[in-house]
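Following: one structure in structure tokens, then a few remarks.
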Amino acid sequence: KYRQDEKLWNHFYNKTGCAIHSIYPLWKIIHIKESQPHIFSKTAYITSQLEYVFEQLTGKIIESKTIASGTGMFNIHTLDWDDDILSFAGINRSMLCELHEPTYSAPLKDSLAEYLGLKKGLLVIIGGADGALNQVGAGALKTGIMTISVGTSGALRLAYDEPVLPESTSTWCYYALNGKRLAGAATSGAGNCLEWLKKKAYKDSSFNYKQLDERASKSDIENAPVFLPFLYGERNPGWQDSRKACFMGLKSHHEIGDLFHAVLEGVLFNLYQCYKALTQITGEPKEIRISGGIENSPFWLQMSADIFGRDIITSGMEHMSTVGAAVLALNAIGDIKNIERYEPGYGKTYTPNAKISNIYNKRYKLYLKYYQITSEKR
Numbered sequence: 443k444y445r446q447d448e449k450l451w452n453h454f455y456n457k458t459g460c461a462i463h464s465i466y467p468l469w470k471i472i473h474i475k476e477s478q479p480h481i482f483s484k485t486a487y488i489t490s491q492l493e494y495v496f497e498q499l500t501g502k503i504i505e506s507k508t509i510a511s512g513t514g515m516f517n518i519h520t521l522d523w524d525d526d527i528l529s530f531a532g533i534n535r536s537m538l539c540e541l542h543e544p545t546y547s548a549p550l551k552d553s554l555a556e557y558l559g560l561k562k563g564l565l566v567i568i569g570g571a572d573g574a575l576n577q578v579g580a581g582a583l584k585t586g587i588m589t590i591s592v593g594t595s596g597a598l599r600l601a602y603d604e605p606v607l608p609e610s611t612s613t614w615c616y617y618a619l620n621g622k623r624l625a626g627a628a629t630s631g632a633g634n635c636l637e638w639l640k641k642k643a644y645k646d647s648s649f650n651y652k653q654l655d656e657r658a659s660k661s662d663i664e665n666a667p668v669f670l671p672f673l674y675g676e677r678n679p680g681w682q683d684s685r686k687a688c689f690m691g692l693k694s695h696h697e698i699g700d701l702f703h704a705v706l707e708g709v710l711f712n713l714y715q716c717y718k719a720l721t722q723i724t725g726e727p728k729e730i731r732i733s734g735g736i737e738n739s740p741f742w743l744q745m746s747a748d749i750f751g752r753d754i755i756t757s758g759m760e761h762m763s764t765v766g767a768a769v770l771a772l773n774a775i776g777d778i779k780n781i782e783r784y785e786p787g788y789g790k791t792y793t794p795n796a797k798i799s800n801i802y803n804k805r806y807k808l809y810l811k812y813y814q815i816t817s818e819k820r
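Just so we're aligned, residue 443 is where the sequence shown starts under the numbering used here, counting upward by one.
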């Protein structure tokens, strides 16, 4: 009922950078409050797993602003909990944690330090959200550097000093650190779609990316089926969490390799949709740096360059968010003075093939056609 109220949708989005969608904790909390009030009435604190672990380690009840900005309750302009939204949801501010930058630290409890064999007074850094840490690890807090991560799901991001909130509401805007916001978009389907097809097509769990690349590379690109990668609903750009996946144009002559190709392509088409929506507001980025499980597949990386029509710079590291967490900790203790100047190492750069890019441009138009005819109301 809330999603269908256009005025409410825009009001919440323009305050928080978050749409009215089931991925955001605010709407889960409202659902619990309405459907199970006996549980909500007993609630003392509302927090995330990160803050719970931090409290267990340090005794401090603190919330990282980067986590808070993905709740739907955080004002992306004031960088504080939004009292108007809290009132709407019936949430008392006292139920929420005190907000701090992701570099906030507190000493490990003495009892835990002794139990773990660590020195007393060891600092624990609260840290932040996966996307923000990916941006840090990629050295992309500077203006004009876009990160794309393709793992279980997919996302792309650009760092800005001010909130970026398009009228279309087709992207999101979260807080990173040091006043920086992340304008971006995320997809529900990426590597999880690939895993789904792999399990359906091959019971042998040893089937790997190299074999997948070999199968997909043999596909006739121009005549392959088109895949809409919404096995797990849609986040951006349409926010349709009930949207379904499908293969379009599937014929009896198509092989498993064609289906693999279609899944790889469909995942990237969805991300490219997000890219187009974002860059209409921000303009084209100077660089695109990619990371995640996609780095296990040279074929998929080349496809990304061909679809985006841009050089794609790899990191050589599958878990860039983990690198970002380490960089953040080093910044917190003063070993890295200016986190915005941090530069990681780079892997291979993939350059688009103009001929193949033209084919994908035609197929992207076909994808958009199928996307539109299968669209549902929010």
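Positions of the beta carbon are idealized from the N, C-alpha and C atoms, including for glycine.
List the whole-angstrom C-beta distance separating residue i from residue j, where the pair is believed to meet the contact cut-off of C-beta under 8 Å.
i, j, result
"THR611", "TYR455", "5 Å"
"ASP526", "MET515", "With a Cβ gap of about 10 Å, ASP526 and MET515 do not count as contacting."
"ILE471", "ALA571", "The Cβ separation is near 18 Å, so there is no contact."
"SER595", "SER630", "6 Å"
"ALA625", "THR724", "6 Å"
"GLU782", "LYS507", "So it is not a contact: roughly 17 Å between Cβ atoms."
Quick check on residue i: buried or exposed, where buried means 16 or more other Cβ atoms within 10 Å of its Cβ?
i, result
"SER776", "In the sequence under discussion, the amino acid at residue 776 is Gly, which differs from the Ser named in the question. Exposed is the call here."
"PRO872", "Because the chain is modelled from 443 through 820, residue 872 falls outside the range shown and cannot be assessed."
"ASP522", "exposed"
"ASN712", "buried"
"GLY569", "buried"
"GLN577", "buried"
"TYR802", "buried"
"ASN517", "buried"
"GLU737", "buried"
"ALA796", "exposed"
"LEU468", "buried"
"GLY559", "exposed"
"GLY633", "buried"
"ARG535", "exposed"
Compare the C-beta of residue i with all C-beta atoms of chain B and state if any pair is closer than 8 Å.
i, result
"LEU772", "Note that chain B does not occur in the displayed structure, where there is just one protein chain."
In chain order, what residues of the same chain have a beta carbon less than 7 Å from the beta carbon of residue i, not counting five sequence neighbours either side?
i, result
"THR500", "ALA548, PRO549, LEU550, LYS551 and VAL566"
"MET745", "LEU706, GLU707 and LEU710"
"ALA774", "THR545, SER547 and ILE567"
"TYR784", "GLY581, VAL769 and ILE778"
"PRO727", "GLY586, ILE587, MET588 and LEU600"
"ALA555", "LYS561, LYS562 and LEU564"
Have a look at residue i and residue j and give me their C-alpha separation to the nearest angstrom.
i, j, result
"GLY699", "LYS449", "46 Å"
"LYS693", "HIS453", "46 Å"
"ALA666", "GLY691", "8 Å"
"LYS641", "LYS807", "29 Å"
"CYS688", "LEU673", "8 Å"
"GLU543", "VAL765", "18 Å"
"TYR714", "ARG805", "12 Å"
"CYS635", "THR721", "26 Å"
"HIS519", "LYS790", "38 Å"
"VAL606", "LEU492", "26 Å"
"ALA639", "SER483", "Sequence inspection shows Leu at residue 639; the Ala mentioned does not correspond to that position. Cα-Cα distance, rounded: 43 Å."
"PHE702", "LYS561", "51 Å"
"ALA643", "ARG599", "33 Å"
"SER817", "SER464", "18 Å"
"TYR487", "ALA580", "34 Å"
"ASP662", "HIS761", "32 Å"
"GLU609", "THR458", "14 Å"
"GLU656", "ASP646", "17 Å"
"SER391", "GLY573", "Shown here, the chain extends from 443 to 820; a query on residue 391 therefore has no answer."
"ASN780", "LEU575", "15 Å"
"LYS811", "LEU670", "11 Å"
"GLY675", "LYS686", "6 Å"
"MET537", "GLU497", "15 Å"
"TRP451", "ARG677", "15 Å"
Between which residues of its own chain and residue i is the CB-CB distance below 6 Å, once the five residues before and five after are set aside?
i, result
"GLY734", "SER591, VAL592 and GLY593"
"ALA719", "SER612, THR613 and PRO679"
"ASP753", "THR791 and THR793"
"SER826", "Since the displayed the chain opens at 443 and closes at 820, residue 826 lies outside it and no answer follows."
"GLY758", "GLY789"
"SER739", "TYR651 and ASP655"
Take residue i and list the residues in its own chain whose beta-carbon comes closer than 8 Å to its own, dropping the five residues that flank it on each side.
i, result
"SER391", "Lying outside 443 to 820, the shown extent of the chain, residue 391 is not represented and no answer is given."
"GLU540", "ILE503, ILE504 and GLU505"
"GLU604", "ARG623"
(Q) Please give me, in chain order, every unbroken run of the beta strand (DSSP E) with length at least 3 that falls completely inside the segment 583–646. (A) Correct list: 587–592, 596–602, 614–617 and 623–629.
Q) What are the start and end residues of each continuous alpha helix (DSSP H) run of 4 or more residues lying completely inside the segment 643–688, in chain order? A) 651–659
Q: With a floor of 3 residues, list each beta strand (DSSP E) that falls wholly inside the segment 507–552, ordered by position along the chain.
A: If we require 3 residues or more, the beta strand (DSSP E) runs fully inside the segment 507–552 come out as 540–542 and 547–549.
Q) Considering only residues of the segment 748–814, which uninterrupted alpha helix (DSSP H) runs meet the minimum length of 4 residues and lie entirely inside it, listed in chain order? A) 762–774
(Q) To test your reading of the DSSP string, which unbroken alpha helix (DSSP H) runs of 4 or more residues are found completely within the segment 685–746? (A) 698–724
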